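Numbering (the UniProt record's numbering), first residue to last: 56 to 365.
Ideal Cβ placement from N, Cα and C applies to all residues, glycine included.
Predicted model only: the values in this text are computed from it and were never measured.
Here the structure is laid out as structure tokens; the discussion comes afterwards.
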Amino acid sequence: NEGLSGEVKPRVLLMGLRRSGKSSIQKVVFHKMSPNETLFLESTNKICREDVSSSSFVSFQIWDFPGQIDFFDPTFDYEMIFRGTGALIFVIDSQDDYVEALSRLHLTVTRAYKVNPDIHFEVFIHKVDGLSDDHKIEKQGDIRRRASDDLADARLERIHLSFYLTSIYDHSIFEAFSKVVQKLIPQLPTLENLLNIFISNSGIEKAFLFDVVSKIYIATDSSPVDMQTYELCCDMIDVVIDISCIYGLAEEDPAVGSPYDKDSMAIIRLNNTTVVYLKEVTKFLAMVCFLREESFERKVFPSSQNPART
Ligand code: GDP
């Protein structure tokens with residue numbers, strides 16, 4: 056359904072102090088850059104960097120705060136930008152002193168709220184890869200407390216902030232992005248419902264709808280998501296897209312057409328009797344499903360020599 060991706064492209068703004076990790080997040084999530092390569096990313100001094108991905112389901116912009124740029128700059132139409140934004144992600148570097156970041160967060164959130172009270176405010180406590188689990192929880196508690204105190208002091212308790220612990224060195228950044236994007240999809244309950252109906256009628260155990268480029272999952276059925284399953288989906292998408300990009304282009308003219316399209320699909324059997332099934336739905340979206348080998352044989356090869364067990 057191309058209409059779905061056309062109409063509800065969720066708009067996300069990524070903000071935070073310089074060097075907090077914004078470009079790295081963008082490169083890793085939307086451009087398949089490996090986390091180690093981000094060490095060599097050059098810092099830019101631009102106030103506003105725009106990157107509306109045409110290849111993804113999510114439309115997306117990044118803002119840096121280099122030093123003292125401000126909302127008072129008349130050339131900077133922040134009102135217009137906030138008005139069209141669904142979610143504002145504010146990145147805080149957890150390995151750095153975050154006093155300055157918190158005051159920026161407060162300023163940004165209060166400004167944005169005035170223009171558009173419907174924005175979802177999402178705080179990424181980032182670069183937590185160096186921290187122990189206890190330390191992570193402690194940092195999160197401290198940042199949450201200070202941010203809410205600042206809002207309470209300004210009598211703005213009604214502004215709601217959500218917090219996530221993230222790192223580009225594991226899947227936490229994809230997981231957090233998925234949660235952020237899911238809040239922006241008005242059809243989410245309908246999609247979940249359809250996926251529930253789908254799995255209860257098909258012998259499939261778990262089904263996800265993924266944005267292929269970013270590996271953000273847009274929806275899943277209501278059974279719980281575990282990190283391993285999610286990681287497996289991400290790996291499957293990588294394999295399928297890589298193989299498609301190497302072998303899927305037209306031989307005569309590789310510039311013509313796309314290496315994968317809505318008819319692309321792939322099946323991987325794991326050695327623990329699980330089958331992972333990927334099917335493109337649109338250019339942007341793919342369905343990834345998990346099922347037992349028995350159910351797979353029963354449904355896909357119903358006349359098979361081996362009668363399926365029930
Ligand atoms: P920006 O100025 O906000 O765009 O920040 P950059 O994306 O340029 O990142 C600044 C530095 O932080 C780079 O050297 C990145 O490699 C590093 N970085 C980004 N994300 C992470 C993370 O999750 N963990 C760690 N340890 N370093 C990160």
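(Q) Do PHE179 and ILE147 have their beta-carbon atoms positioned less than 8 Å apart in this structure? (A) Yes, the pair counts as a contact, with Cβ atoms nearer than the cut-off.
Q. Quick check: the segment 180-196 against the segment 245-262, are there 3 or more CB pairs under 8 Å?
A. Contact between the segment 180-196 and the segment 245-262 is absent, because fewer than three Cβ pairs lie under 8 Å.
Q.
Let's test the definition: count the other Cβ atoms within 10 Å of the Cβ of ILE271 and tell me whether it reaches 16, buried, or not, exposed.
A. That one is buried.
Q: Compute the Euclidean distance between the alpha carbons of VAL170 and LEU216, then round it to the nearest angstrom.
A: Counting only the Cα atoms, LEU216 lies some 16 Å from VAL170.
(Q) Please classify LEU325 as buried or exposed, where buried requires at least 16 neighbouring CB atoms within 10 angstroms. (A) Counting Cβ neighbours within 10 Å, LEU325 comes out exposed, since fewer than 16 surround it.
(Q) Rounding to the nearest angstrom, what Cα-Cα distance links GLU177 and LYS234 in this structure? (A) In a straight line, the C-alpha of GLU177 is about 10 Å away from that of LYS234.
Q: Could you pull out every unbroken alpha helix (DSSP H) segment of at least 4 residues lying fully inside the segment 272-327, listed in chain order?
A: Qualifying alpha helix (DSSP H) stretches, in chain order: 282-302.
Q. In chain order, what residues of the same chain lie with their CB nearer than 6 Å to the CB of THR140, ignoring the 5 residues before and after it?
A. Closer than 6 Å at Cβ, skipping near neighbours: ARG66, LEU68 and ILE174.
Q: Within 10 angstroms of the Cβ of GLY58, are there 16 or more other Cβ atoms? Answer buried if so, exposed if not.
A: In this predicted model, GLY58 has a pLDDT of only 41, less than 50, meaning its place in the structure is not dependable; the value taken from the coordinates is given anyway. Counting Cβ neighbours within 10 Å, GLY58 comes out exposed, since fewer than 16 surround it.
Q: Measure the alpha-carbon distance for ILE292 versus ALA207 and round it to whole angstroms.
A: Here the C-alpha atom of ILE292 lies approximately 44 Å from the C-alpha atom of ALA207.
Q) Since PHE265 is in the beta strand (DSSP E), which residue starts that stretch and which ends it? A) DSSP places PHE265 in the uninterrupted beta strand (DSSP E) bounded by 259-266.
**Q.** Burial state of VAL236, where buried means 16 or more other Cβ atoms lie within 10 Å
**A.** By the neighbour-count rule (16 or more Cβ atoms within 10 Å), VAL236 is buried.
Q. Roughly how many angstroms lie between the CA atoms of ASP205 and HIS161, to the nearest whole one?
A. Rounded to the nearest whole angstrom, the C-alpha separation of ASP205 and HIS161 is 7 Å.
Q | In DSSP terms, what PHE345 is bridged to | A | According to DSSP, residue pairing for PHE345 in a beta bridge involves LYS261 and VAL331.
Q.
Would you say the beta carbon of ARG73 is closer than 7 Å to some non-hydrogen atom of ligand 1?
A. Yes, Cβ of ARG73 sits closer than 7 Å to a heavy atom of ligand 1.
Q: Given a cut-off of 8 Å, decide if ALA262 and CYS344 are closer than it, judged by their beta-carbon atoms.
A: It is a contact, given that the beta carbons lie within the stated cut-off.
Q. Comparing the CB of GLY185 with every heavy atom of ligand 1, is any distance shorter than 7 Å?
A. Correct: GLY185 has its Cβ closer than 7 Å to ligand 1.
Q. Leaving out the 5 sequence neighbours to the left and right, which residues in its chain are closer than 8 Å to ASP225 when beta-carbon positions are compared?
A. Taken in chain order, the residues that qualify are ASP184.
Q | Which of helix, strand or coil DSSP assigns to ALA142 | A | ALA142: strand per DSSP, three-state reduction.
(Q) Given 7 Å as the limit, tell me if GLY141 has its C-beta closer than that to any heavy atom belonging to ligand 1. (A) No - ligand 1 has no heavy atom lying nearer than 7 Å to the Cβ of GLY141.
**Q.** LEU94, enclosing beta strand (DSSP E) - first and last residue
**A.** Where LEU94 is concerned, there is no enclosing beta strand (DSSP E), given that its DSSP letter is neither H nor E.
Q. Does DSSP classify ASP148 as helix, strand or coil?
A. Three-state DSSP puts ASP148 in a strand.
Q.
Residues in the same chain with beta-carbon distance under 8 Å from ASP276, minus the five sequence neighbours each way, listed in chain order, please.
A. The residues GLU247, LEU250, ASN251, PHE253, ILE254, LYS261 and ALA262, in chain order, have a CB closer than 8 Å to that of ASP276 in the same chain once the five nearest residues on each side in sequence are set aside.
Q) Which residues bound the alpha helix (DSSP H) around LEU220? A) Where LEU220 is concerned, there is no enclosing alpha helix (DSSP H), although the beta strand (DSSP E) it sits in stretches over 216-220.
Q) Do LYS334 and ligand 1 come close, with the Cβ less than 7 Å from some heavy atom? A) False, no ligand heavy atom lies under 7 Å from that Cβ.
Q. What is the rounded straight-line gap between the Cα of ARG199 and the Cα of LEU220?
A. One Cα belongs to ARG199, the other to LEU220, and the distance between them is close to 12 Å.
Q. Under 8 Å between the Cβ atoms of PHE265 and CYS288?
A. The criterion of a C-beta distance shorter than 8 Å is satisfied by PHE265 and CYS288.
Q) Quick one: is the Cβ of THR165 within less than 7 Å of any heavy atom of ligand 1? A) The answer is no for THR165.
Q | Check whether ALA321 and LEU333 have beta carbons under 8 Å apart | A | Yes, the pair counts as a contact, with Cβ atoms nearer than the cut-off.
Q. Among all the DSSP beta bridges, which residues are the ones paired with PHE176?
A. Note: PHE176 is bridge-paired with LEU143 and LEU216 in the DSSP secondary-structure output.
(Q) In this structure, how does DSSP classify ARG159 when only helix, strand and coil are distinguished? (A) DSSP places ARG159 in helix when its eight states are reduced to three.
Q.
Looking at the secondary structure, which residues open and close the alpha helix (DSSP H) in which GLY196 lies?
A. For GLY196, the enclosing alpha helix (DSSP H) stretches over residues 188-208.
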